[in-house]
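Undergrad: First, the structure itself, so that you have it in front of you.
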Amino acid sequence: MKLAPPLWVLAPALVMAPVLLLLPGISHGGGWELIGQFAWAAVTPSLDPVVLQSVLQGLGITVGIALLGWATSLLLGLALGVLSSRTVWHTLAGSSWPAELLRRLLAVPRAIHELLWGLLLLALLGLQPAVAIAAIAIPYGALVARMISDLLDALPTRQLEALRGAGAGPIGALVTAIGPPLMPQVISYGGYRLECALRSATLLGVFGLGGLGAELRLTLQSLNFQELWSGLWILLAAMLALEALLARLRSRWAMPGRLGLSQRSVGRRGREMLLATGLLLPLLVWISAGLEVNPATLLHPQPLPPAPPLDLATLAAFPWPWLIVNTLVLTLTAAGLAVGGAPLLLLVAQPWWWARALVRLLWAFGRLWPPPLTALLLLFVLQPGVLTGALALAFHNLGILGRLLLEAAEAGTDSTGCTPAQQALEASGCGERLALLYGRFSGLASPYLAYGAYRTDVILRESVVVGLVGATGLGSALLEALSSFAWDQVGALVLAYSLLTLLGEDLSDRTRRRLLVNAASADALPA
Amino acid sequence: MLSLQDITVRGRGQPRLDRVSLELTAGERVALIGASGAGKSTLLAVANGQLTPDHGCVRWQGEVQARRGSRRRRRQQSRIGMLWQELRLIEELSVQQNINAAQLAHWGWPRALLNLLLPLDTAVCSALMERLDLDPALLTQPVSSLSGGQRQRVALARLLRQDPLLLLADEPLASLDPRLAQELLGLLLEQAEAPRSLLMSLHRPDLLPHFQRVVGLRAGRVLFDLPPSEVVGEQLKALYAGSDSRP
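So, in structure tokens, the structure goes:
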């Protein structure tokens, strides 16, 4: 018995079986009326000008934080990425150990979720816009740095050697040989990071770091669903507009897609790109003036309440294995639901255009909705716990994975939206769903699952954000420790969390590489 | 068996097919010739039910073609098999899974999923492989590991697994070297014994004597419909006049 590729894609959805079995056990049925009111409010959002104005103001702050955090992270990542590249060190200094060292060090800021950075900085520095921006810039910067150093080291070094051989100086040779092929990748990846930054900024807001998120949470907790929906619809519009703009720029500038399925010519219209980048600068300055960001405040910690003495007994008494197992169960359940759920929904909706549109809308909301808000909503009908947290995380990641799957599924199709193999199946009388499963998912399986492995690693890091629905492993313990200023516990928990994340990252990298090697060797064979 | 009456398919500006009528009876072998862009592929797409014409009537075994996406249309389509020029095999699946994919029109989900898990109907597939001179041991191999000639035969095996009454082929010989082309044509003609019929588009006048009828298309219209012995240089010249691609 051997699973064929189309089944790989669906296999993670098997986790639905235990989830569906357990769901009746944790539902308390008290709040269906509230869910009904919430759903009804979707079509009757508040149009009160006062509400709308405050929503727009909140959105402005969120977008500003996202843009500034993103831009800072790109600069930071570019510098650190170049500094942690083996090729660069090898060319400049003849040895690559500083690159290795920096790479290891950068794993730490990357392993800690932006929300944790936000809460830590908030405790240290007090509430100010610079905190949220730094919270995004630090982990994102480390992520971008890794991406850039990986790209740099994966580039063929032949041109570089040729230039060096011809007598070019080390820096000149590096810039000439590596700059042009790197640029489109960086800009394309940077665009995706901006989408992520908008989501992160909304999330940080939910935890009180400024912007629209705070209002979403307040209106939800005060059951003010009509005002909540005003915020959600406007946020949805902003997010879809940003995604559409970036998608437009990507295709106009011929950027590589994320799953790397379409091999197009890469990187056209260099001048336009430079111009756009140039226009961003004054915009960023204007935004930071508007938000009254003062980076200098990052250097002035506020006085902390006196730290309680180190309490090793409490630390040792923590149910560590239980916390870790819970965190892993949470992560894997959410990942299974999201990775397997996206293709399953696509299959179900395939024959009807309206169902496909509905699925798209659902996914857009999933992306937009910070998981803690979903978790709070789920608490109306479910008891707090791992499963509730997993469902909230799954919904968010389903939106992200679904969009990616759709993007990839649409690449390589013709005007009828089918691949040749899919069309051949349909022409032989096969139903649309089976044609999609056989003709489309076969080719998508490897790259999609490789991305799924990466996403699982992200979900592990992200599991802290649903900590507030309680009893969900390290995340909730950490949030509790943070709110009681128990710094020894915070330290120990962050350490445990980072170690777990680093292990997870390593595992997901290996899985991804294996999957992609499979795909690449299949491509290399004669067609 | 298949009757096309007054078929028009609109395109940008000029129609891709312009009031084309064509009757195919059981056991007939018909060649379709014409310059590139004359509408051969469009005609085949209408014949296999992939494309619904803007105007005109398609009848299959006396029944009017059913609505697109309906169960009846799929049943009609399942008796019409098509051999594509680029084969359109599913690279990531095994030979056996590819051959069995021809049965998806009849299989429900359980069997379709099981086919992705276990080797199904091995006896039927092996028999097809042997009939086409392929080693049945290849059944478990992924399609992507086969040679060009082997892939060609696997596509043919999939076509036969469908057990179609009408075989359609869209320039199947175009990208093959002469030896492979000869082999494939031989196999196709061999399989197209009555009651099966064959409608095949091609570019090679030298092969026309293998067919009973030759339909010449030009700019979306039928220029002639004759036995091959009556297709002479003059007709071919008219067919390709003013176009770049010559036979």
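The listed protein sequences correspond, in order, to chains A and B.
For the first sequence, the tail end lands on 611 under my numbering, and the numbers increase by one without skipping.
For the second sequence, the tail end lands on 444 under my numbering, and the numbers increase by one without skipping.
We put the CB at the ideal spot given by N, CA and C, even for glycine.
1) For E431/B, which three-state DSSP category applies?
2) Quick check on W92/A: does DSSP put it in helix, strand or coil?
3) DSSP state of T205/B, grouped into three classes?
4) Residues in its own chain within less than 6 angstroms of R283/A by CB, not counting five upstream and five downstream?
5) Determine the chain B residues that contact L91/A at a beta-carbon separation under 8 angstroms, and present them in chain order.
6) For a minimum of 4 consecutive residues, which ranges assigned as the alpha helix (DSSP H) are wholly contained in the segment 427–473 of chain A?
7) Are the beta-carbon atoms of E289/B and R410/B separated by less than 9 angstroms?
8) Buried or exposed, going by whether 16 or more other CB atoms sit within 10 Å of the CB of D215/B?
9) Is there a Cβ from chain B that is less than 9 angstroms from the Cβ of G424/A?
10) DSSP puts M397/B in a beta bridge; with which residues?
11) Which of the three DSSP states is assigned to E260/B in this structure?
12) With 9 angstroms set as the bound, which would you pick, yes or no: does the beta-carbon of G527/A sit closer than that to a beta-carbon of chain B?
13) With distances taken from CA atoms, which of R301/A, R524/A and R545/A is nearest P89/A?
14) Can you confirm whether E288/B, when its beta carbon is compared against all beta carbons of chain A, has any partner nearer than 9 angstroms?
15) Going by Cα to Cα distance, which pick from E245/A, P108/A and S157/A is closest to V172/A?
16) With distances taken Cα to Cα, identify the nearest neighbour of E516/A among L301/B, Q359/B and V261/B.
17) Determine the chain A residues that contact Q247/B at a beta-carbon separation under 9 angstroms, and present them in chain order.
18) Suppose the cutoff is 6 angstroms on Cβ atoms and the five residues either side in sequence are ignored; what does the same chain contact list for H480/A look like?
19) Is there a Cβ of chain B sitting closer than 9 angstroms to that of L98/A, yes or no?
20) Hey, quick one: how far does the alpha helix (DSSP H) through E279/A stretch, first residue to last?
21) What is the C-beta distance between A219/A and L288/A, in whole angstroms, given that I count them as a contact (C-beta under 8 angstroms)?
22) At a cut of 8 angstroms, does the segment 369–382 of chain A reach the segment 145–152 of chain A through at least three beta carbon pairs?
23) Closer than 9 angstroms, CB to CB, is L158/A near chain B or not?
24) When DSSP labels each residue in this structure, what does A611/A get in the three-state scheme?
25) Span of the alpha helix (DSSP H) holding G413/B?
26) Can you pull the DSSP bridge partners for L221/B?
27) Since L208/A and P385/A are thought to touch, with beta carbons under 8 angstroms apart, how far apart are those beta carbons, to the nearest angstrom?
28) Going straight from the alpha carbon of P392/B to that of L356/B, what length do you get?
29) Among V419/B, L436/B and Q432/B, which residue has its Cα nearest to the Cα of Q202/B?
30) Measuring only between beta-carbons, confirm whether L178/B sits less than 9 angstroms from chain A.
31) Please confirm whether L477/A and A418/A have their CB atoms less than 9 angstroms apart.
32) Do you know offhand how far S349/A's Cα is from L329/A's?
33) Could you check the C-alpha separation between G297/A and L460/A for me, to the nearest Å?
34) In the structure shown, what three-state DSSP assignment does H480/A receive?
35) Considering Cα atoms alone, identify which of L343/B, L313/B, R328/B and Q282/B is closest to N297/B.
36) Are the Cβ atoms of L280/B and L365/B separated by less than 9 angstroms?
TA: The structure says:
1) The residue you call residue 431/B lines up with position 234 of the second sequence. Helix at E431/B.
2) Against the first sequence, residue 92/A aligns to sequence position 8. DSSP places W92/A in helix when its eight states are reduced to three.
3) Translated into the one-based positions of the second sequence, residue 205/B becomes position 8. Correct three-state label for T205/B: strand.
4) As a working mapping, residue 283/A is identified with position 199 in the first sequence. Closer than 6 angstroms at the Cβ level, and outside the excluded window around R283/A, lies no residue.
5) The residue labelled residue 91/A in the question sits at position 7 within the first sequence. What L91/A touches in chain B: L310, L313 and L314.
6) 437–452 and 455–462
7) Within the second sequence, numbered from 1, the residue matching residue 289/B stands at position 92. Within the second sequence, numbered from 1, the residue matching residue 410/B stands at position 213. Not closer than 9 angstroms, so no.
8) One-based indexing of the second sequence puts residue 215/B at position 18. Classification for D215/B: buried.
9) Here the question's residue 424/A lines up with position 340 in the first sequence. Not an interface residue.
10) The residue you call residue 397/B lines up with position 200 of the second sequence. Answer is A228/B and A366/B, bridged to M397/B.
11) The residue labelled residue 260/B in the question sits at position 63 within the second sequence. Of the three classes helix, strand and coil, the one that applies to E260/B here is strand, per DSSP.
12) Your numbering for residue 527/A matches position 443 in the first sequence. Yes, G527/A lies at the interface with chain B (some Cβ there is under 9 angstroms from its Cβ).
13) For the purposes of this step, residue 89/A is taken as residue 5 along the first sequence, with counting starting at 1. It is R524/A.
14) Your numbering for residue 288/B matches position 91 in the second sequence. Chain A contact via Cβ: present.
15) Locating residue 172/A in the first sequence gives position 88, where the first residue counts as 1. Among E245/A, P108/A and S157/A, the Cα nearest to that of V172/A belongs to E245/A.
16) Sequence index remark: in the first sequence, residue 516/A carries index 432 (1-based). Checking every option, the nearest Cα to that of E516/A belongs to L301/B.
17) As a position in the second sequence, residue 247/B is number 50, starting the count at 1. Those are T500, Q507, E510 and A511, listed as they occur along chain A.
18) As a first step, residue 480/A must be located in the first sequence, where it is residue number 396. The residues are G450 and P455.
19) Here the question's residue 98/A lines up with position 14 in the first sequence. So no, L98/A is outside the interface.
20) Within the first sequence, residue 279/A is the residue found at index 195, counting from 1. Here the alpha helix (DSSP H) through E279/A covers P254 to V290.
21) Reading the first sequence from its first residue, position 135 is the one you call residue 219/A. Reading the first sequence from its first residue, position 204 is the one you call residue 288/A. So it is a contact: roughly 6 angstroms between Cβ atoms.
22) yes
23) Here residue 158/A refers to the residue found at position 74 when the first sequence is read from its first residue. Answer no: the Cβ-Cβ gap between L158/A and chain B never drops below 9 angstroms.
24) Within the first sequence, numbered from 1, the residue matching residue 611/A stands at position 527. Its pLDDT being 24, under 50, A611/A is placed unreliably in this model, and the value from its coordinates should be taken loosely. Reduced to three states, the DSSP call for A611/A is coil.
25) Your numbering for residue 413/B matches position 216 in the second sequence. No alpha helix (DSSP H) contains G413/B, which is instead part of the beta strand (DSSP E) from R410 to R415.
26) As a first step, residue 221/B is located in the second sequence; it is residue number 24 there, counting from the start. BP columns for L221/B point to L199/B.
27) As a working note, residue 208/A is residue 124 in the first sequence. As a working note, residue 385/A is residue 301 in the first sequence. Yes, L208/A and P385/A are in contact; Cβ-Cβ is about 5 angstroms, under 8 angstroms.
28) Along the second sequence, one-based indexing puts residue 392/B at 195. Along the second sequence, one-based indexing puts residue 356/B at 159. Computed Cα separation, rounded: 16 angstroms.
29) Counting from 1 along the second sequence, the entry for residue 202/B is found at position 5. That would be V419/B, whose Cα lies nearest to the Cα of Q202/B.
30) No information on residue 178/B is available, as it lies outside the stretch 198 to 444 that chain B covers here.
31) Sequence index remark: in the first sequence, residue 477/A carries index 393 (1-based). Sequence index remark: in the first sequence, residue 418/A carries index 334 (1-based). Contact flag set, yes.
32) Taking the first sequence and counting its residues from 1, the one referred to as residue 349/A is at position 265. Taking the first sequence and counting its residues from 1, the one referred to as residue 329/A is at position 245. The predicted position of S349/A is uncertain, since its pLDDT is 43 and thus under 50; no value can be drawn from it.
33) Locating residue 297/A in the first sequence gives position 213, counting from the first residue. Locating residue 460/A in the first sequence gives position 376, counting from the first residue. Straight-line Cα distance between these residues: approximately 13 angstroms.
34) Within the first sequence, numbered from 1, the residue matching residue 480/A stands at position 396. Helix, per DSSP.
35) By one-based count along the second sequence, residue 297/B stands at place 100. With distances taken between Cα atoms, N297/B lies closest to L313/B.
36) By one-based count along the second sequence, residue 280/B stands at place 83. By one-based count along the second sequence, residue 365/B stands at place 168. Contact: yes.
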